[in-house]
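Just so you know, the sequences run in chain order A and B. The first sequence begins at 58 in our numbering and counts up by one. The second sequence begins at 160 in our numbering and counts up by one. In what follows, a structure is listed as structure tokens, so that the remarks can point back to it.
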Amino acid sequence: MRFLLLNHIQNAKQSLKSSRVRSTLTMLGITIGVASITAILALSGGASKVITNQIDALGGNIAVIRPGITSSTVDNVTQAQPSRDYATSTLTEKDITYITNTPHIQSVAPLMVLSGVIKADSTAPEGSLIVATTPELETISGLKMREGQFLDSTVDKNTVAVGLQLSINVFGTESSIGKLLYIKGEPFTVIGVLKRINNPINYNSVDFDNAAIINFESGKSLNQNVAQIQQIDVKADSVENLEQAVNDINKTIKSSHKGEKDFSVLVGEQIAQPTSQLFFMIAKVTTAVAAISLIVGGIGIMNIMLVTVAERTREIGIRKALGASNTDISCQFLIESLAISLGGCISGYLLGYIVAIAISKFLIFYPVFTWQIALTALIVSLTTGILFGLYPALSAARKDPIESLHRYE
Amino acid sequence: MTDTTSTPVINLHDLQKRFGIGDAEIFALNGINLSIEKGEFVAIMGPSGCGKTTLLNIIGLLDQSYDGEYELDGQSVATISKRKRARIRSKQIGFVFQSFNLINRLSVIDNVALPLIYKGVTKTKRLVIASDILRNFHLNEREYYMPHQLSGGQTQRVAIARALVNDPSIILADEPTGNLDSRSSHIIMEELSDLHKRGNTIIMVTHNPRLTTYASRVITMLDGQIDTDTKTNNVNDVKSTPHIEEHKSAQSIKRKKKFFSRIKTRRRKK
Ligand SMILES: Nc1ncnc2c1ncn2[C@@H]1O[C@H](COP(=O)(O)OP(=O)(O)OP(=O)(O)O)[C@@H](O)[C@H]1O
Ligand SMILES: [Mg+2]
């Protein structure tokens, strides 16, 4: 049996070589499909890694509470990001109080991202954000000040800390302490400028370089006194106590939400889901491209294999007459279609990384190389090969030897 | 099962083979009763279309749709599973097709080695065995030729080499010498005769009455039925070296074997 398999492989190699153009064209669908999957997994892996590294750098004792149920797997790239799109958040101010009172919780920072005009000497460009939060965010997210101070509960309510890029954009200078910034028409005094972070990808989904950070209360009054909480960051007093704290939070919020689990508490890798909207759009499109090209590629394989089986009808008859069993015949053709899909897999994997590396030139992270991605590519392509190669292979095995022998003679 | 001491290798009882249905129905085989013992060399003759190839296909387990009884080594073929039949074809039966049936995309040596694949022989061994047998047929210089680069006679010799490569105990040859000159024919016949002497069963279809002298039994068919069935004195133990000498003088053979004159030898249709 082993020799037979070897022979089938040699045979497939030879047969593919003899019709090289045809095989290459057939591979193309699989190639594109696998390339899309590889690229998107490599890039999303890279993005996740950036965030995971951040969390690790912050001590690993961070948890994030988001409204809605979020899938907990990192590689589920098609999962829509549940932050700013929510009409009304399921998280309330009461939840913040509960969380603050949970044992082992050191600090809590709710995040409320508002849209609105930010203006001073000039209007801030699109992509600038208004973030309402509490002073704790500074320690939880490890924000560093370049000048002045972060929000502070003791100072006046209408104060703002700005990102460096925002400061340059609206004031034309990096040092804007004491100047007035108009947010949704309201004047705020700049009390601090953040150090450049240069990292739009983080677990807060906020590009702090382009953000105006105001007090939570001020944010509420800018939003018709409604607290629209996108996310609550919490920090436990130690890594060991984080799990306990998370369980407590889960319990208390669930009971205060009348037993409904309309929120998720995320820790570690779960937080690290890629968060940029653009990224998700690209991921969706790529996944669709991958799915379509795999199906088209699979049908291509089926088509070519049916043609091959028809062309070799006489050969099938001869082989059967010389002692090949039905299994031998179907194996021969199945391995041939597997060889095509494997070829597509290899070229797609390489192409996927070329594309991912090319794309990453425009991003701030690099594609990751993991064996999981290679395995995914392999499984996806081989499954396609088997799925679409099975029918031609079986139809080859079913052929009657005598009728087959009379073909083309 | 039978009353004789040894079971025949092949036992056919009232074998019928129909093609078509209704008005178009024809009987390619119409009531064949035939029993072939192990070690016999049977030559089958008969006019074109009388059902010789059809009979060989059934004996070679390629054709399963027939009426009547076929016992191979005492076992009814109808009860043998598909897989087992493939196994028997691989291990016991060597087939020489009337139309050669080489695989065009494989080289000569790969074609010859083909039956060994299904017997589970390793590649290197396959090539050695195939190469050996090709040398027997004076084709060792054509090993890596493709079938379309061969002459008709060479193609035929390759087809025979392929049938014999598995060392089968039953050899079914459908006009193995159809395209060969008399010298090459005799080389092939010597090879078959040799196999016969080693105790293998050979069933050969031929249109050439001269070649039947190698056989131990000559059957003539007519319209799907057995017409005559003659045992020659050429049984296994009989010394039969002077064959080549005899056959070189075709005239003398014709005089000797009178019953061949009844059969019109027709060349194979292309
Ligand atoms: N697939 C088929 N469908 C219908 N009729 C068939 C088929 N195969 C063979 N026949 C018929 O069966 C009969 C016997 O054919 P067969 O091939 O056995 O002849 P043969 O004795 O081998 O002839 P030849 O010496 O020319 O090779 C012929 O009349 C032929 O037309
Ligand atoms: Mg015939």
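We put the beta carbon where it would ideally sit given N, CA and C, even for glycine.
| field | Three-state class that DSSP yields for Asn189 (chain B) in the structure shown | value | strand
| field | Lys197 (chain B) (DSSP reduced to helix, strand or coil) | value | coil
| Is Gln384 (chain B) near ligand 2, in the sense that its beta carbon is under 6 Å from a heavy atom of that ligand? | no
| field | Cβ distance (whole Å) where Val168 (chain B) is taken to contact Asp232 (chain B) below 8 Å | value | 6 Å
| field | Where Ile375 (chain A) meets chain B, residues with beta-carbon distance less than 7 Å | value | Asn260 and Ile262
| query | Just how far apart, CA to CA, sit Gly198 (chain B) and Thr387 (chain B)? | reply | 20 Å
| said: Which residue wins for smallest C-alpha separation from Tyr239 (chain A), given the options A:Arg253, A:Gln288, A:Thr216 and A:Ser232? | reply: For Tyr239 (chain A), the closest of A:Arg253, A:Gln288, A:Thr216 and A:Ser232 by C-alpha to C-alpha distance is A:Thr216.
| query | Which one or two residues does DSSP pair with Ala268 (chain A) in a beta bridge? | reply | A:Leu186
| message | Checking the sheet assignment: what are the DSSP bridge partners for Thr387 (chain B)? | response | Under DSSP, the beta-bridge partners assigned to Thr387 (chain B) are B:Thr379.
| said: Counting only C-beta atoms, is Phe178 (chain B) closer than 7 Å to chain C at any point? | reply: In summary, chain C is missing from the structure at hand, where the protein chains are A and B.
| Cut-off 6 Å between Cβ atoms - residues of its own chain near Gly117 (chain A), not counting five sequence neighbours on either side | Val296
| What does Pro468 (chain A) touch in chain B if you count any residue whose Cβ is under 7 Å from its own? | Within the shown structure, residues of chain A are numbered from 58 to 466, placing residue 468 (chain A) beyond reach of any answer.
| So does the segment 225-244 of chain A actually touch the segment 170-187 of chain A, counting three or more Cβ pairs closer than 8 Å? | yes
| message | Suppose only complete runs of 4+ residues qualify. What are the alpha helix (DSSP H) ranges in the segment 338-418 of chain A, listed by chain order? | response | 370-378 and 383-417
| field | Rounded distance between the beta-carbons of Val165 (chain A) and Val188 (chain A), thought under 8 Å | value | Contact flag wrong, Cβ pair sits at about 15 Å.
| Where Leu273 (chain B) meets chain A, residues with beta-carbon distance less than 8 Å | Simply Ile375, Arg376 and Leu379.
| field | Beta-carbon proximity of Ile162 (chain A) to Ala302 (chain A), cut-off 7 Å | value | yes
| task | Could you check the C-alpha separation between Arg98 (chain A) and Val366 (chain A) for me, to the nearest Å? | result | Before going on, a small fix: residue 98 (chain A) reads as Leu here, not Arg. For Leu98 (chain A) and Val366 (chain A), the distance between alpha carbons rounds to 36 Å.
| task | Using alpha carbons as the reference points, say which of B:Gly179, B:Arg264 and B:Ala332 lies closest to Thr368 (chain A). | result | The displayed chain sequence assigns Glu, not Thr, to residue 368 (chain A). Comparing C-alpha distances from Glu368 (chain A) to each of B:Gly179, B:Arg264 and B:Ala332 shows the shortest one belongs to B:Arg264.
| query | Counting contacts by CB-CB distance shorter than 7 Å, is Glu555 (chain A) in contact with chain B? | reply | Nothing can be reported for residue 555 (chain A), as the shown portion of chain A is limited to 58 through 466.
| query | How should Leu478 (chain A) be labelled, buried or exposed, when 16 other C-beta atoms within 10 angstroms of its C-beta is the threshold for buried? | reply | The structure shown does not extend to residue 478 (chain A), since chain A is modelled only from 58 through 466, so no value can be given for it.
| Below-7 Å beta-carbon distance, Ser382 (chain A) vs any chain B residue | yes
| Taking any Cβ of chain B, which residues in the segment 397-414 of chain A have a Cβ under 9 Å from it, in chain order? | Cβ contacts with chain B come from no residue of the segment 397-414 of chain A.
| message | I'd like the list of long-range same chain contacts for Leu339 (chain B), defined as Cβ closer than 7 Å, with 5 residues on each side in sequence excluded. | response | Gly312, Gln315 and Ile347
| task | Under 8 Å Cβ to Cβ from Ser385 (chain B), same chain only, skipping five residues before and after it: list those, please. | result | Residue identity check: residue 385 (chain B) is Ile in the sequence provided, not Ser. Only Ile191, Asn192, Leu193, Ile378 and Thr379 meet the Cβ criterion.
| field | Whether Gly405 (chain A) touches Gly86 (chain A) by CB criterion (7 Å) | value | Not closer than 7 Å, so no.
| query | What's the gap between the Cα of Tyr260 (chain A) and the Cα of Ile328 (chain A)? | reply | If you take the alpha carbons of Tyr260 (chain A) and Ile328 (chain A), they lie about 6 Å apart.
| Does the distance from the CB of Ser249 (chain B) to the CB of Lys278 (chain B) come in under 7 Å? | Yes, the Cβ-Cβ distance between Ser249 (chain B) and Lys278 (chain B) is below 7 Å.
| Between the Cα of Ala293 (chain A) and the Cα atoms of A:Ile270, A:Gln285 and A:Gly325, which residue gives the shortest distance? | A:Gly325
| Taking 6 Å as the cut-off, is the CB of Thr238 (chain B) close to at least one heavy atom of ligand 2? | no
| field | Partners in chain B for Leu462 (chain A), counting only beta-carbon separations shorter than 9 Å | value | The answer, in chain order, is Asn216, Leu221, Phe256, Ser258 and Asn260.
| said: Is Ser341 (chain B) near ligand 1 - that is, is its Cβ less than 6 Å away from at least one heavy atom of it? | reply: no
| query | Under a Cβ-count criterion, where at least 16 other Cβ atoms within 10 Å of its own Cβ denotes burial, should Ile119 (chain A) be classed as buried or exposed? | reply | Counting C-beta atoms within 10 angstroms of its own C-beta, Ile119 (chain A) has 16 or more neighbours from the protein chains shown and is therefore classed as buried.
| task | Measuring only between beta-carbons, confirm whether Leu174 (chain B) sits less than 7 Å from chain A. | result | Not an interface residue.
| Does any C-beta atom of chain A lie closer than 7 Å to the C-beta of Ser240 (chain B)? | no
| query | Of all the beta strand (DSSP E) runs that stay within the bounds of the segment 235-305 of chain A, which reach a length of 3 or more residues? | reply | 237-240, 243-251, 268-272 and 288-293
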